[in-house]
Structure formats: C-alpha cells, structure tokens
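In the UniProt record's numbering, the protein residues as written are 1 to 442.
Virtual Cβ for every residue (Gly too), placed ideally from N, Cα, C.
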C-alpha cells in the first residue's frame, strides 16, 4: 500500500511504476499533482486507485489493462478521442474490461461521449459516484438547453447494475433525473447533491431497500409532491408501502423550495421505518405536510434556517429529540411525546405549549438580554416541573440574571435541574432542586 493522500507531492516518481506487487495507491487531494506517469498502467496487481480531488490534467492511456482493479475513485472522463499515449482523461470504454469493480467514481462526466452502457455488466459494483464539474450556484449560471439535454442522454446510458447499493449523483445538471433511478431495487443509500437544474424529484418511494436519502442544492425545485412517492395509484389496503425501509431523510440548501404536499391519492402507508428528518436552509418552505406530522416511527426532527414556517405544531410521533435552529418560528405547540427540545436562536419565538412528556429543554441564544418571555407560562402548564431539566447557553448579562437572588431566579428555581453557562464555558451556574445544590464561579 502507498498512501499519499493530502500531500504536496507534485510528481509521482517513475520508481513507483516498478512496484509490481503494489495493490493500493492513494493519490487523493494532492493539489500539486497534475500528471500521472505512463508506467502506472503496468501495475498489474493494483486493486485500489484513489485520485479524487487531485487536479490531474494528463493521464496515460491504458487503465483498462489493470484488470484486477476493484476500486477507482476519480476516473477522469476525457472529452475527445485519444490522440497519443497521454491525455486529459480516459474514455469510458476503458472501463469495459474492469469487471471486478466494487467502487467507482466518475468525474467530469460533462465530457462523456457514450454509445452504450459501460456499467450494466459490472455485477460486483456496490458503490457508484457520478460527478460533473460545471459551475454551480452564484459563481456560475444555469447550463443551456443543449447542455442539459446532452447530460441527460449521457446519464440515461450510464445505467448501473441492479446490485448497486450506494449511489451519489453530484452536480448533475439535467432537467430530469435518469429514469433508471427508480429501478435500483437493492439501493440502500442515495445522495443527490447540487443537481441545480432538476425541476422535480425522481419517484423513489418504491425503492424497497432504501435506508438513507439526502437531497442537497436542488435550487430549481419549487414543490415536492406525490410524484416523489413513486407509482402509487390509490389508497387501497393492498397498496405497497412507500419508502418501506427509509430511516433518514435529509433535505438541505433548497433555495426555492416552497411546498411539500401529498394528495388524497397517496396511501397512508408511507415511511413506516423513518427515524429522523433533517430540513436545513430551505428558507421558503411554508409548512410540513400533515402526513409527515403523524409518522409513528419518527424519533428525531432537525430544522435549521427555515424562515417561511411560523408554527410547528400537532406532531404526534414519539419524538426523542427535536431541534429548531435559526428559524423564524413563533409558536411550538401540541407535541405531546417529545422528550428533548433544543432551541438555538429563538428570538422570534413567542409561544411554547403542550409538551407533556418533555424532560430536557436546551436553549442557546447569546443575542437575547433576558429569559424567553414564554418560559413562565410554559412552566405554569407543567405542574410537575421536577421532571424538566434546563440547559441554557447565554450571554454574561443573562447569566447574572439567573443567579440566586437575580431578577430571573424565581423562574429558574422551578426547574428540577439547570445549568446555565456562557458559550466559552468560562462562566456558569448550576442548580438542582432535590437534593438541593447550587454552584457558580461568579
């Protein structure tokens, strides 16, 4: 094994190419390395080749000779046919003889010219990353119609084998996702990252083994609707479950996403295994759909940077933990089973009520100059406050108000246990009602 990941190496010595027994060569994130020596294609026993995030501009023709390769991270796709022994990347047809591949990452797929699938016959392939490199977000602009159409055709022809378990689509810029996505019956982990031009999510609900789904940076999506659930027709009792094994759903950085809804035609049988939902930096989302609020298996909900939702209420799942961060939420109500509630950046919040099972309340906001105004009324609702612990990260000014004899002590002493401290933990106060204890370094 030769591991040169994250080094400043600028040239790979020719002597490396004489290591005939070498099986693992890692050259990932080597920012000064631009050329692979021609002799690298003579490493006939090589099993793993890592090139991801290394800015190579010249690679040798003939990677197809390394027939024992089972892992290639950073297969750079060439834009033109070979004109010599060295080129800017490899042609996709060089993958044909590599029948032992278990893990593969293809980069610069916008360069690809493909006539037929080079992946369908890879019967051992478990992990696949398909990446484009066109500019995204504020640093560039949306690709034109021809570019979108070409990349859609390329991805349609890259249909992977049914045995695939982990799939990453990175910076795909077609208008619609490849149709084969919904047919990967053994897929367990799917990431759709920075697919900036896609207008709708693919129908994924019938992927029977999918456990983790992460969607990030799909800025053209405005609405997520019933199409996301897959080919469901009616709400009959024999209808298959949608997302039957999904445990984690994470949606983030969706700048224009406004609506998340299901119609009456969607059955109640969805997300039976879902444990956690993360929704991060989706500023225009207006509400959580009612169906999501009643997923019985759901244990954790993390919401951050949602400026369009003013109320979070009527969540009946048996939540162990809910975290709401940097949100414009004004009201949290009727979440009777939540045990741990974290509020980070809560200045907009005006009402918190009906959290009957709450055991831990975590508050963090150094911008406020007093305890939340809703806290006294919240405590009045919970007559058995001996079960509620408060952890409070605050400014020095607010911490002093919480001390014994301070302005907010009558509120503080109602909790069974409280620890209040500054963000750097340089100042603190800790109080416990039974048995009584009180400590502070102020």
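Boundaries of the beta strand (DSSP E) harbouring residue 419: 417-421, taken from the DSSP string.
Assignment of residue 412 by DSSP, reduced to helix, strand and coil, places it in the helix class. Counting only the Cα atoms, residue 60 lies some 42 Å from residue 280. Counting other Cβ atoms within 10 Å of its Cβ, residue 282 reaches 16 or more and is therefore classed as buried. Secondary structure of residue 286 (DSSP, three-state): coil. Cβ neighbours of residue 177 within its own chain (closer than 7 Å, five residues either side excluded): 198, 202.
Residue 175 is a Cβ neighbour of residue 148, given a cutoff of 8 Å. Contact between residue 431 and residue 418 holds, with the beta-carbon distance rounding to 5 Å and staying under 8 Å. Of the candidates 378, 386, 442, 307, the residue whose Cα lies closest to the Cα of residue 401 is 442. Under DSSP, residue 73 forms a beta bridge with 50, 105. Pairing residue 124 with residue 101 gives a Cβ-Cβ distance under 8 Å. Note on geometry: alpha-carbon atoms of residue 40 and residue 218 lie some 38 Å from one another. Per DSSP, the unbroken beta strand (DSSP E) holding residue 250 starts and ends at 248-252. Beta-bridge partners of residue 60 (DSSP): 86. Collapsing the DSSP output to three states places residue 171 in coil.
With 16 or more other Cβ atoms from the protein chains shown falling within 10 Å of its own Cβ, residue 154 counts as buried. Each of 315, 274, 289 was checked against the Cα of residue 357, and the nearest Cα belongs to 315.
In this structure, the alpha-carbon of residue 403 lies about 13 Å from that of residue 394. Under the DSSP assignment, residue 130 falls outside any alpha helix (DSSP H), being part of the beta strand (DSSP E) whose first and last residues are 127-131.
Taking all protein chains shown into account, residue 183 has fewer than 16 neighbouring C-beta atoms within 10 Å of its C-beta and is therefore exposed. The Cβ atoms of residue 169 and residue 130 lie closer than 8 Å to each other. For residue 378, no beta strand (DSSP E) segment is defined; the enclosing uninterrupted segment is the alpha helix (DSSP H) at 375-381. Within the same chain, Cβ atoms closer than 6 Å to the Cβ of residue 312 are found at 329, 332, the five residues on either side in sequence being excluded. Distance from the CA of residue 274 to the CA of residue 349, rounded to the nearest whole angstrom, comes to 28 Å. When the Cα atoms are used, residue 49 and residue 2 turn out to be separated by approximately 10 Å. Checking the DSSP bridge columns, you'll see residue 429 partnered with 420, 440. When only Cα atoms are considered, residue 245 and residue 45 end up about 39 Å apart.
With respect to residue 211, residue 186 sits apart: the two C-beta atoms are not nearer than 8 Å. In this structure residue 367 is exposed. Its beta-carbon is surrounded by fewer than 16 other beta-carbon atoms within 10 angstroms.
At the C-beta level, residue 191 and residue 172 stay beyond 8 Å of one another. Sequence-distant Cβ neighbours of residue 347 in its own chain, meaning closer than 7 Å and more than five residues away, are 365, 367, 368. For residue 356, the secondary structure class from DSSP, reduced to helix, strand or coil, is coil.
At least 8 Å separates the beta-carbon of residue 29 from that of residue 78.
By DSSP's assignment, residue 270 forms a beta bridge with 242. Boundaries of the alpha helix (DSSP H) harbouring residue 402: 396-402, taken from the DSSP string.
For residue 145, the uninterrupted alpha helix (DSSP H) segment begins and ends at 145-156.
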